[in-house]
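Residue numbers (the numbering used here), protein chains in the order written: chain A, 1 to 268; chain B, 1001 to 1444.
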């Protein structure tokens, strides 16, 4: 119990620091204790954050939501279809295909950013929404999880009776299998959502136009300018706090799915 | 200037910068190599690319774009890894028309053939009289062309906590000898107090000190670079700071611009700061409670020699591959000499202008409330006029800086001296030039 408590403190301390720092005016950042509140300036900081450079931060926030929500939704759908197909349709080379996909789990996304850039550069997609969106909808781990779960949660008999009733394969998938797979799919969605939300390297490689940036990249760019414009530092901190709020909300809302999904993945 | 940012560069970035190199291989387009720069206006609308690291520069460019529908400018901020991005774009043949380049990086990029000589445009040469003399000698490489226009400078001065000096009844030092004496007195009066700090990881700052003592790093004679990183003048500077470090009269544990540095100033542990004009907002914004306690006075001088140093500052260079030289010169001249543009750059980006017209900006002739309403920019303007015009950077400045920092950090830890650092930097410069087949020899 004591250990758990210690670990909790250890993991929550940075978040606490972020909250404290986001409430301070720039002048108090260095000159007051980092873990103690001083002047409460959060609302002023927020106002500055959202009005700086014609409100570009709001734009970044919208971009991040587009990348993360849309990317995770489409990515989850693709993973579900793919995992279901791998689980329920026997075909030649199925296990080989599955192994190749599993191998994809081992390749870190950072390592893929380079080749992706070259591909996108050749097709003229660099510096567009698609440059970040397309790679985001691919998730080998999601396919893996979806297959495992489809195997366990969707009885073959159910599929067959659906077919007997005259449902096509897609109808069977969307009306029967999809619902049974929901807990796993929420897990996949969460994984993808967080991965895209936190993805920094891919947008950095792909994007040049400020108006396409997600929050991570935008804050990074601001942080690079603090030597010239010290007041940007406070905006970077406040912006960081704002950027983690949606992730926390999504987690709290979906955490029961998350837990059951994780357990499913580990057991089967 | 943004040396902290440069230092804390993510390792990941190194990988990112590799990308553009690779991209260059796949799409190399060297069609523009043969054509000599000419200065004829384009027909119809032109779009220029301008890469920089200045906060708020997009607003300045908006102003230009509104007035000049036929010469539109697009900006890109390259604050993170400025030279990595530029270098890769050059290799890929995709350099912008105009890019921000620090004075100390000009020779390096010039040896890499990164610039276009804009002197084909008479307007470029005519801009000479509009700039502070030392800046022009840097961008024209002693009148051999016009490769860039000066944008901002960092004339150095001494920021002092006048209240602390008054409290311990010590006169504000005018020479480096007086400064060392004051350091001793302050430390004696209050053992927790040091006169300043020496950041061993900040070669750019140290170079400013060398510049002040006319410790020219490089020369060019007999078709060869003369490397003089180690010279009588530079050793004088190194010995001076070595003594302060050895006697523990300056701290060596603080990084410039770090939170720890501001905390130390906040706790009244440090009494002065050897800084540059663009840094005036650092204290104002990070230590608002010390308003009225700071003054800006001329940098301490070496004996009767009253010259000053420069730390940082940048130019806007004409990059190779740009196809619209006429328009680039037009925009670049406006950007760096027009009072309206200069005022905006100063307000949003904190730039201290290199143009003579800029020194008379209303914002730079008023007193600054934080500094007791003193006219601190008069001090910087005077400093700017006293900067040695013959100082020259060399083509391997980055190597020199890294070698310096490496050895200075050791010296600060008691391993070797700052003199050794100069010797190592000298050797590193010679070796690096030899590796690149640049003819060089140790100057005297």
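The beta-carbon is built from N, C-alpha and C at its ideal position, and this holds for glycine as well.
- The residue among B:1261, B:1275 and B:1037 with its C-alpha nearest the C-alpha of residue 1269 of chain B is B:1261.
- A straight-line Cα-Cα distance of about 54 Å links residue 256 of chain A and residue 1204 of chain B.
- Using a Cβ-Cβ distance cut-off of 8 Å, the segment 1073-1084 of chain B and the segment 1043-1055 of chain B are in contact, since at least three pairs of beta carbons, one from each stretch, lie closer than that value.
- Using beta-carbon distances, residue 44 of chain A does not count as an interface residue toward chain B, since no partner is under 8 Å.
- Fewer than three pairs of CB atoms, one per stretch, sit closer than 8 Å, so the segment 1178-1188 of chain B makes no contact with the segment 1218-1230 of chain B.
- In the structure shown, residue 1331 of chain B adopts helical secondary structure according to DSSP, grouped into three states.
- The Cβ atoms of residue 1166 of chain B and residue 1337 of chain B do not sit closer than 8 Å to each other.
- Only those residues of the segment 200-232 of chain A whose C-beta falls short of 9 Å from the nearest C-beta of chain B are listed: 200, 201, 204, 205, 208, 209, 210, 220, 221, 222, 223, 224, 225, 226, 227, 228, 229, 230, 231 and 232.
- Taking the C-beta atoms as reference points, residue 1430 of chain B is found nearer than 8 Å to residue 1440 of chain B.
- Using a CB distance cut-off of 8 Å, residue 192 of chain A does not count as an interface residue toward chain B.
- Taking a C-beta distance under 8 Å as the contact criterion, residue 213 of chain A and residue 63 of chain A qualify as a contact pair.
- Against residue 27 of chain A, the close residues of chain B are 1285, 1286, 1287, 1288 and 1289, in the order they occur along the chain (beta-carbon pairs closer than 8 Å).
- A contact between stretches requires three or more CB pairs, one per stretch, nearer than 8 Å, and the segment 112-122 of chain A fails this requirement with the segment 212-228 of chain A.
- Residue 1370 of chain B counts as buried, since no fewer than 16 other beta carbons sit within 10 angstroms of its beta carbon.
- Runs of the alpha helix (DSSP H) spanning 4 or more residues and lying entirely within the segment 119-168 of chain A occur at 129-136, 140-153 and 156-164, in chain order.
- Any Cβ of chain A closer than 8 Å to the Cβ of residue 1282 of chain B would place that residue at the interface, and such an atom is present.
- Residue 1225 of chain B: member of the beta strand (DSSP E) spanning 1224-1227, first to last residue.
- Here residue 1209 of chain B is buried, its C-beta having at least 16 other C-beta atoms within 10 Å.
- Residue-level contact check: residue 1054 of chain B touches chain A, since one or more beta carbons of chain A fall below 8 Å from its beta carbon.
- The beta carbon of residue 150 of chain A does not come within 8 Å of any beta carbon belonging to chain B, so the residue lies off that interface.
- Using beta-carbon distances, residue 31 of chain A counts as an interface residue toward chain B, with a partner under 8 Å.
- By the 16-neighbour rule on beta-carbons within 10 angstroms, residue 198 of chain A is exposed.
- The secondary-structure analysis by DSSP pairs residue 1076 of chain B across a beta bridge with B:1051.
- Excluding sequence positions up to five before and after residue 79 of chain A, its CB lies within less than 7 Å of the CB of 139, 142, 143, 146 and 188, all in the same chain and listed in chain order.
- From the beta-carbon of residue 1266 of chain B, the residues of chain A found nearer than 8 Å are 30 and 31.
- Inter-residue distance for residue 1219 of chain B and residue 1107 of chain B is about 12 Å (C-alpha atoms, whole angstroms).
- Taken through DSSP and simplified to helix, strand or coil, residue 1294 of chain B comes out as strand.
- Around the C-beta of residue 1324 of chain B, 16 or more other C-beta atoms lie within 10 Å, and the residue is accordingly described as buried.
- Using a CB distance cut-off of 8 Å, residue 1259 of chain B counts as an interface residue toward chain A.
- For residue 1379 of chain B against residue 1157 of chain B, the beta-carbon gap comes to about 5 Å, under 8 Å, which counts as contact.
- Inter-segment contact for the segment 64-73 of chain A and the segment 221-240 of chain A is absent: fewer than three beta-carbon pairs are separated by less than 8 Å.
- In the structure shown, residue 1249 of chain B adopts coil according to DSSP, grouped into three states.
- According to the DSSP assignment, residue 1137 of chain B belongs to no beta strand (DSSP E) but to the alpha helix (DSSP H) extending over 1133-1139.
- Under the 8 Å Cβ criterion, the segment 1094-1102 of chain B does not count as touching the segment 1351-1361 of chain B, having fewer than three qualifying pairs.
- Under a 10 Å Cβ-count criterion, residue 1044 of chain B is classified as exposed, with fewer than 16 other Cβ atoms of the shown protein chains found around its own Cβ.
- Ranked by Cα distance from residue 1348 of chain B, the options B:1418, B:1057 and B:1038 are led by B:1057.
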